[in-house]
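Undergrad: Dropping a structure here in structure tokens format, bear with me for questions.
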Amino acid sequence: MKYVVIVGLILAAFGGGFYFGLEYHKNALRSDPQEIRELLKDEQFQDMMLDEMKKNAAGIGDRLKRGWDAFMDDDK
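Residue numbers (this note's numbering): 1 to 76.
What follows is the structure, given as structure tokens:
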């Protein structure tokens with residue numbers, strides 16, 4: 001049983017290191033303008049960002065419409 005716990009702790013440490021490494025890279029990407037410029041040149045990245053922006057815009061439009069409908073509701 002001791003060995004299972006030790007192996008579990010070691011795997012958890014590696015998993016935590018991997019996760020924090022990904023987070024560090026993500027934050028470094030935001031703060032490195034050169035790397036962002038290189039990403040913006042990539043067509044696949046541009047397509048992915050365009051799709052994300054379209055999804056976000058559609059969601060915002062739906063929320064605005066629901067808010068407007070609730071505001072204009074005449075249930076007095």
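From the three backbone atoms N, C-alpha and C, an ideal C-beta is built for every residue, glycine too. Small disclaimer: the values here were computed from a predicted structure and weren't measured.
(1) Would you identify the three-state DSSP class for Asp51, choosing helix, strand or coil?
(2) If we ignore side chains and look at the alpha-carbon of each, how far apart do Asp69 and Ala58 end up?
(3) Rounded to a whole number of angstroms, what is the C-alpha to C-alpha distance between Leu39 and Ala12?
(4) Would DSSP call Asp32 helix, strand or coil?
TA: Taking the structure as given:
(1) Here residue 51 refers to the residue found at position 51 when the sequence shown is read from its first residue. If DSSP states are grouped into helix, strand and coil, Asp51 belongs with the helices.
(2) Start at 1 with the first residue of the sequence shown, and residue 69 comes out as number 69. Start at 1 with the first residue of the sequence shown, and residue 58 comes out as number 58. The alpha-carbon atoms of Asp69 and Ala58 are separated by roughly 17 Å.
(3) Within the sequence shown, residue 39 is the residue found at index 39, counting from 1. Within the sequence shown, residue 12 is the residue found at index 12, counting from 1. Computed Cα separation, rounded: 32 Å.
(4) Residue 32 sits at position 32 when you count from the first residue of the sequence shown. In the structure shown, Asp32 sits in coil (DSSP, three-state: anything other than H, G, I, E or B).
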